[in-house]
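Comments concern the structure below.
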Amino acid sequence: MAEMLTLTEAAAKRVAWIAQRQSKPAILRLSVEGGGCSGFQYKFDLAEGADDDDSISDTDGVKLVVDPVSLDLVAGSTVDFVESLGGAAFRVENPQAAAGCGCGSSFGI
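Numbering (our numbering), first residue to last: -6 to 102.
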């Protein structure tokens, strides 16, 4: 299932930088929660490890892990790290999202 998710090189570098500063493993957990202005919202956390049923994608030694329930909503997605005048943030390009919001952290299916 690792091919169902992609972590860009820019996102991997940012996760590695954050993990090093916090003395944690370079493992980014992406999950989906109900809420946000479009119905669902993305949640990012540094994880200590992957669970047995997680889908795992690896980019330059940095892992992106997603639980099975969230995977149903983000399969095929790309996680990127974007810096602009408005700030810097992880962004999910989700081909399943039928609606989204301006902030990029909320989506609907």
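C-beta atoms are modelled at their ideal positions from N, C-alpha and C, and glycine is treated no differently.
The beta carbon of D47 sits closer than 7 Å to the beta carbons of V58, V59 and D60 from its chain, once the five residues preceding and following it are set aside; these are given in chain order. The alpha-carbon of L66 is positioned some 14 Å away from that of T(-1). Note on geometry: alpha-carbon atoms of L23 and G79 lie some 22 Å from one another.
Under the DSSP definition of a beta bridge, S77 partners with G80. Burial state of A19 is buried, judged by a 10 Å Cβ sphere holding 16 or more other Cβ atoms.
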